[in-house]
Amino acid sequence: MDYVVEMLNIRKEFPGIVANDNITLQVKKGEIHALLGENGAGKSTLMNVLFGLYQPEKGEIRVNEEPVKITDPNVANDLGIGMVHQHFMLVEPFTVTQNIILGSEPTKFGKINLKEAEKKVQELSDRYGLRVDAKAKISDISVGMQQRVEILKTLYRGAEVLIFDEPTAVLTPQEITELMEIMHSLTAEGKSIILITHKLKEIMEISERCTVIRKGKGIDTLNVADTNVTELASLMVGRNVSFKTDKTPAEPKETVLKIQNLKVRDKRKVDMVKGMDLEVRAGEIVGVAGVDGNGQSELVEAITGLQKSESGTIQFNHKDITNLSPRKVTESGVGHIPQDRHKYGLVLDFTIGENMVLQTYYQKPYSKYKTLNYKEIYQKAEGLIDEYDVRTPSVYTKARALSGGNQQKAIIGREIDRSPDLLIAAQPTRGLDVGAIEFIHHRLIEERDKGKAVLLISFELDEILDLSDRIAVMFDGKNVAEVKPEETDENELGLLMAGSTKEKAGDQQ
Ligand SMILES: Nc1ncnc2c1ncn2[C@@H]1O[C@H](COP(=O)(O)OP(=O)(O)OP(=O)(O)O)[C@@H](O)[C@H]1O
Ligand SMILES: [Mg+2]
């Protein structure tokens with residue numbers, strides 16, 4: 001058979017858990033092979049084994065039918081295997097090219113030959129339609145571009161098999177379409193792709209075959225043409241999943257959050273929020289729809305105190321909270337599920353238990369006489385981990401060792417549990433499996449029904465339409481239109497998000 005990569009009967013254990021239990025994955029040349037499984041099923045682990053980051057306890061790997069030992073990522077590179085990780089691994093102050101050549105710098109008379117490398121990087125970028133600027137600094141380019149740098153890095157090293165670990169989780173719909181085109185241009189050149197994604201529609205759209213794993217075990221490998229979204233969902237979580245959330249009409253009460261004429265600059269002093277008005281009332285979910293980069297992140301940072309506002313006011317429960325410190329904002333009753341879970345959500349080298357009290361550790365009962373009361377902390381954590389189905393060997397495991405989706409569930413649990421009057425949920429279900437999404441959506445609606453105000457920021461229009469009671473469209477730093485989910489659809493929203501007015505968007509329907 002023409003398999004480029006075979007992973008046969010792979011077993012990989014971590015303390016207290018078997019992450020991969022006798023899993024087999026066989027990839028054909030030129031195919032896009034999806035790897036599907038719930039959060040913590042063992043997908044990233046399996047790919048880290050293939051990339052040489054972990055050594056399996058059992059099993060065999062074959063590349064082009066030859067048994068191989070992939071002892072580290074350099075060996076993987078030499079065998080033509082490249083990986084685009086779930087959480088990027090780029091050096092921010094370096095340029096695109098510097099990042100790409102890191103570890104395999106071309107030299108000339110003992111000096112790094114950057115010019116030569118830049119030329120090669122630019123050529124590769126053009127060949128696969130990546131449109132990356134080889135000289136740009138990583139900290140200056142978008143997340144979508146950073147991902148392309150990761151792709152280029154693998155191509156630069158001669159990858160024939162590319163592993164993508166949840167590449168679309170951090171992308172906007174537009175960027176996803178472009179990534180799909182890039183993937184097609186890669187397979188057209190004979191490269192093979194292993195794609196991890198939780199978005200079943202993407203699997204149906206782009207991949208030829210799909211291997212499903214559950215709780216560390218291989219379940220099945222299917223031809224995508226012979227299956228459907230419902231079957232895939234139930235294979236991966238072991239039960240039927242509903243994609244639509246049931247909810248009663250909202251009964252909004254008093255105004256909880258009132259934003260008036262708010263102006264915020266980003267870290268580079270560029271105006272991003274340019275006169276924003278927005279109200280969220282108790283007992284309603286307000287969704288903010290918008291193309292990435294229209295000020296949503298800065299809006300959230302301003303409300304939560306992570307970024308100073310230039311002018312305008314933010315009122316919360318009739319008090320002015322403009323430019324308060326993050327701790328003061330939190331203490332006044334605002335919860336925040338941040339869009340970047342590693343930067344703002346967790347301290348990765350703390351245990352998952354410690355992470356559950358990041359905002360409350362100095363309060364009773366978690367601190368007493370200025371000493372942490374670990375018994376109380378871990379008891380709290382045990383409860384949350386149970387309630388939110390955070391899959392971890394124990395509460396003492398470092399947050400870093402949890403799977404991406406389980407890190408996300410832990411943050412959501414912590415934020416909802418503090419029962420804030422206002423919950424700001426930025427891309428809350430990013431990286432979650434379909435079963436976990438269903439659960440979290442229910443929990444958000446429950447908060448609403450308890451009379452809490454929820455501000456939802458999401459690039460997933462499905463999610464915005466499904467959950468929101470009211471949708472505010474953010475364009476160029478302003479709230480340009482408010483619509484009701486039952487009176488709009490993805491098309492109209494798309495037009496509004498692109499800057500069209502409501503009248504025009506209505507006409508084009
Ligand atoms: N370095 C590690 N040390 C200890 N346990 C780990 C480590 N890496 C992963 N695990 C555990 O192995 C299991 C599988 O994790 P993995 O990251 O492979 O899941 P995943 O399928 O990629 O999930 P997700 O969809 O959430 O990313 C999890 O229970 C996780 O906690
Ligand atoms: Mg993963």
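Numbering follows full-length UniProt numbering, in which position 25 of the sequence shown is assigned residue number 25; successive positions increment by one, without gaps.
In this text, a Cβ means the ideal position worked out from N, Cα and C, and glycines have one as well.
By DSSP's criteria, Ile285 is part of a beta bridge. Which residues make up the other side?
Per DSSP, Val454.
Output the boundary residues of the beta strand (DSSP E) element that contains Lys201.
From DSSP, Lys201 is part of no beta strand (DSSP E) but of the alpha helix (DSSP H) over Leu200 to Ile206.
Would you check whether ligand 2 has a heavy atom nearer than 8 angstroms to the C-beta of Gln86?
Yes; taking the cut-off as 8 angstroms, the Cβ of Gln86 has a heavy atom of ligand 2 nearer than that.
Is it true that the CB of Ile424 sits closer than 9 angstroms to the CB of Ile337?
Contact: yes.
Pull up the distance between the alpha-carbon of Glu279 and that of Glu150, whole angstroms please.
Computed Cα separation, rounded: 40 angstroms.
For Leu155, which residues from the same chain have a beta carbon less than 6 angstroms from its beta carbon, with the 5 sequence-adjacent residues on both sides left out?
Only Leu124 meet the Cβ criterion.
Is any non-hydrogen atom of ligand 1 found closer than 8 angstroms to the C-beta of residue 521, if you look at the structure I gave you?
Since the first residue shown for the chain is 1 and the last is 509, residue 521 is missing from the structure and cannot be characterised.
What do you reckon, are the CB atoms on Gly499 and Val273 nearer than 9 angstroms?
No, the pair does not count as a contact, with Cβ atoms beyond the cut-off.
Who pairs with Ala315 in a beta bridge, going by DSSP?
The sequence given here places Gln at residue 315; Ala does not occur at that position. According to DSSP, Gln315 bridges with Lys258 and Asp320.
Excluding the five sequence neighbours on either side, which residues of its own chain have a C-beta within less than 7 angstroms of the C-beta of Ser367, listed in chain order?
Here the set comprises Tyr361 and Asn373.
Where DSSP assigns a beta bridge to Glu482, which residues make up the other side?
Ala472, per the DSSP bridge assignment.
To which residues of the same chain is Glu202 closer than 7 angstroms at the C-beta, ignoring the five residues directly before and after it?
Only Thr168 meet the Cβ criterion.
Put Val212 into one of helix, strand or coil per three-state DSSP.
In the structure shown, Val212 sits in a strand (DSSP, three-state: E or B).
What would DSSP say about Thr107, mapped onto helix, strand or coil?
Note: Thr107 maps to strand in three-state DSSP.
Which same chain residues, not among the five before or five after Leu235, have their C-beta less than 7 angstroms away from its C-beta?
Hits under 7 angstroms: Val212, Ile219 and Asp220.
Going by CA-CA distance only, name the one from Arg214, Gly52, Gly80 and Ile61 that's closest to Thr71.
Comparing Cα positions, the closest option is Gly52.
Is the beta carbon of Leu461 sitting closer than 9 angstroms to the one on Gly494?
Yes.
Is Ile196 near ligand 1, with its Cβ less than 8 angstroms from a heavy atom?
It does: the Cβ of Ile196 is within 8 angstroms (strictly closer) of some heavy atom of ligand 1.
Using a threshold of 8 angstroms, is the CB atom of Glu150 nearer than that to any non-hydrogen atom of ligand 2?
Result no, Cβ not under 8 angstroms from ligand 2.
Taking the alpha-carbon positions, what's the Ala233 to Asn240 distance?
If I take the Cα positions, the gap works out to 7 angstroms.
Could you say if the segment 76 to 92 and the segment 38 to 57 meet the contact criterion of at least three C-beta pairs nearer than 8 angstroms?
With a cut-off of 8 angstroms, the segment 38 to 57 and the segment 76 to 92 count as touching, because enough Cβ pairs lie within range.
Rounding to the nearest angstrom, what Cα-Cα distance links Arg470 and Glu160 in this structure?
For Arg470 and Glu160, the distance between alpha carbons rounds to 47 angstroms.
In whole angstroms, give me the CA-to-CA distance for Val63 and Val75.
In a straight line, the C-alpha of Val63 is about 12 angstroms away from that of Val75.
What did DSSP end up calling Thr330 once you bin it into helix, strand or coil?
The answer is helix: DSSP assigns Thr330 an H, G or I state.
Please report the distance separating the alpha-carbon of Tyr388 from that of Arg414.
Computed Cα separation, rounded: 9 angstroms.
Please return the same chain residues whose Cβ sits closer than 8 angstroms to the Cβ of Gly129, not counting the five positions on each side in sequence.
Counting only Cβ-Cβ distances below 8 angstroms, and skipping sequence neighbours, we find Glu181, Ile182 and Ser185.
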